[in-house]
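In the numbering used here, the protein residues as written are 434 to 960.
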């Protein structure tokens with residue numbers, strides 16, 4: 434029986450180790466997430482660069498689940514296609530293979546220095562980049578300190594594990610180890626945490642190489658299954674990408690079982706060449722590389738399987754912005770980039786509304802088909818705005834820095850302004866339809882409205898120039914244009930010979946559109 438006083442070091446070491454892994458991953462997300470966001474903002478994810486983008490994301494963030502969660506969100510909202518997301522997911526899995534290599538270095542004697550440097554930089558230096566880098570250094574210090582405590586305990590005589598449980602490499606034992614890896618990683622929702630704990634066992638020789646490799650073979654599959662279940666609340670494209678992620682990480686399991694059962698003696702040869710500490714990271718990297726090579730060779734076949742398992746429904750399901758999983762599983766920087774993509778998607782719909790309204794208003798009668806399109810676009814803007822509000826509020830449950838918090842609010846306000854612009858444009862065409870049916874609209878009055886609509890559209894385009902990073906227009910100039918346009922609306926409304934209230938309501942709708950365009954500009958100005 435283990436003495437109670439010997440249990441506390443085990444519990445403390447394991448707790449510190451778990452905390453250090455999570456803290457390091459979150460710190461890497463905070464540091465490199467901004468870099469990835471800047472890179473993604475300047476680079477459109479296409480087939481030729483999606484694998485490289487995924488590779489950089491996985492290697493820098495160290496979280497396959499978070500990066501895959503992000504790309505599934507982009508697929509679900511219609512920004513990224515299935516084939517591009519598949520290449521991105523391959524790159525993420527290969528990039529995240531760098532994590533086990535961190536345990537191959539014995540830096541435990543430097544852990545206290547890392548803790549000191551990280552603490553000083555994090556708590557006493559106000560430069561954001563330095564604070565983020567210091568958090569990473571602090572996480573590395575915690576990681577090697579917790580790893581050293583775990584190894585010291587597992588390596589002692591206190592923990593005695595039956596040899597039959599940890600040294601067997603029969604087919605059944607390996608299959609149980611793979612299933613154990615899948616189940617534990619599913620409930621932990623973390624591949625890196627399971628890999629870290631089992632590598633600590635492995636380095637103390639409390640578990641054989643074969644069983645450790647079997648656990649690693651199943652470690653990536655658990656979070657994939659959870660992500661697929663979460664994707665069920667999204668559309669078909671997101672579910673297909675999540676299913677591909679499961680197939681990708683399942684390809685090597687049969688080969689791993691055969692190899693570890695009949696050819697595991699070759700691991701001793703690998704160990705003699707690269708050393709004991711490098712066996713598991715080497716195996717895990719080869720495992721992911723094998724998955725990617727097989728997926729690329731048989732991609733068309735895998736794609737057909739995915740599309741047969743999840744067929745296209747007869748009724749088209751609208752693409753939606755959804756935060757898969759818990760809010761703390763979002764990477765703030767990349768989630769904000771996703772919000773930016775959705776913001777531009779919302780702008781494109783409002784642009785189409787303006788185009789259809791210009792065509793509809795140019796004719797006295799107007800086309801019922803174009804009126805239906807305008808109504809449809811207005812409904813879409815309402816839906817997207819609500820989705821963005823839920824997404825941003827979920828993101829703001831995370832710990833954000835001041836810049837990220839301001840940008841989150843800015844995106845939220847911009848979505849509201851776009852929704853309001855679409856609503857008043859819809860009111861504008863509704864009043865125009867009513868006045869044509871009930872009272873009639875003279876050509877001279879129609880020309881004045883068309884001219885005012887053109888000026889409001891021009892002001893809208895000026896305000897939308899500032900949606901990206903930085904403010905490109907002079908705030909005073911924008912304010913003056915807004916006031917002039919407001920005065921012109923009032924002059925037209927009060928100086929008009931047409932006493933119709935519906936005609937006045939059309940002008941008021943355009944004045945409200947002008948007001949929300951200016952609000953859109955101010956929302957980005959405050960960012």
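Glycine residues also receive a C-beta, built at the ideal position from the N, C-alpha and C atoms. As the structure is a computational prediction, the values presented were derived from the model and not from experiment.
Determine the direct distance from the alpha carbon of residue j to that of residue i, and round the result to whole angstroms.
i           : j           : result
residue 778 : residue 881 : 31 Å
residue 465 : residue 561 : 13 Å
residue 865 : residue 796 : 11 Å
residue 629 : residue 825 : 32 Å
residue 951 : residue 853 : 12 Å
residue 609 : residue 856 : 58 Å
residue 713 : residue 697 : 13 Å
residue 923 : residue 850 : 22 Å
residue 772 : residue 704 : 47 Å
residue 673 : residue 928 : 59 Å
residue 946 : residue 940 : 10 Å
residue 783 : residue 870 : 26 Å
residue 665 : residue 875 : 53 Å
residue 481 : residue 441 : 52 Å
residue 507 : residue 622 : 21 Å
residue 620 : residue 554 : 35 Å
residue 891 : residue 877 : 22 Å
residue 908 : residue 900 : 14 Å
residue 576 : residue 720 : 24 Å
residue 733 : residue 502 : 23 Å
On the CB-based measure, 16 or more other CB atoms within 10 Å of its CB, does residue i come out buried or exposed?
i           : result
residue 774 : buried
residue 549 : exposed
residue 820 : buried
residue 650 : buried
residue 533 : buried
residue 729 : exposed
residue 624 : buried
residue 776 : buried
residue 487 : buried
residue 811 : buried
residue 836 : exposed
residue 956 : buried
residue 558 : exposed
residue 912 : exposed
residue 916 : exposed
residue 767 : buried
residue 545 : exposed
residue 547 : buried
residue 605 : exposed
residue 883 : exposed
Can you name, in chain order, every residue of its own chain whose Cβ lies under 8 Å from the Cβ of residue i, other than the five neighbours on each side?
i           : result
residue 807 : 786, 789, 790, 793, 858, 859, 862
residue 738 : 680
residue 569 : 457, 460, 461, 464, 551
residue 888 : 918, 921
So, for residue i: in the same chain, excluding its five sequence neighbours on each side, which residues have a beta-carbon less than 6 Å away from its beta-carbon?
i           : result
residue 800 : none
residue 388 : With the chain running from 434 to 960 in the structure shown, residue 388 is simply not present.
residue 657 : 678, 679, 682
residue 829 : 841
residue 724 : 681, 684, 685
residue 893 : 950
residue 631 : 645, 648
residue 614 : 648, 651, 652
Checking 9 Å against the spacing of the C-beta atoms, do residue i and residue j come in under that value?
i            : j           : result
residue 579  : residue 551 : no
residue 769  : residue 844 : yes
residue 527  : residue 518 : no
residue 817  : residue 754 : yes
residue 521  : residue 484 : yes
residue 653  : residue 618 : yes
residue 1013 : residue 702 : Residue numbering for the chain in the displayed model covers 434 to 960; residue 1013 lies beyond these limits and cannot be assessed.
residue 582  : residue 449 : yes
residue 872  : residue 937 : no
Among the residues of its own chain, which have a CB less than 7 Å from the CB of residue i, if the five just before and after it don't count?
i           : result
residue 693 : 602, 607, 643, 646, 647
residue 451 : 626
residue 491 : 497, 500, 524, 525, 526, 527, 528, 529
residue 745 : 669
residue 848 : 776, 779, 818, 821, 822
residue 944 : 919, 922
residue 834 : 561
residue 447 : 583
residue 599 : At residue 599, the pLDDT of 47 sits below 50, so the modelled position is not reliable; the number obtained from the coordinates is stated separately. Excluding positions up to five away in sequence, the list reads 639, 640, 641, 644.
residue 867 : 935
Give a yes or no on whether the minimum CB-CB distance between residue i and chain B is below 9 Å.
i           : result
residue 911 : Protein chain content of the structure displayed is limited to a single chain, and chain B is not contained in it.
Considering only heavy atoms of the ligand GDP, does any lie closer than 8 Å to the CB of residue i?
i           : result
residue 505 : Although the ligand GDP was asked about, the structure shown includes no ligands whatsoever.
Could you tell me which whole alpha helix (DSSP H) segments of length 4 or greater appear in the segment 893-941?
908-927
What residue ranges within the segment 481-567 form continuous alpha helix (DSSP H) runs of no fewer than 4 residues, ordered along the chain?
483-494, 497-509, 515-528, 544-557
Threshold first: 4 residues or longer. Then list the alpha helix (DSSP H) segments lying entirely within the segment 626-687, N to C.
642-652, 654-664, 669-683
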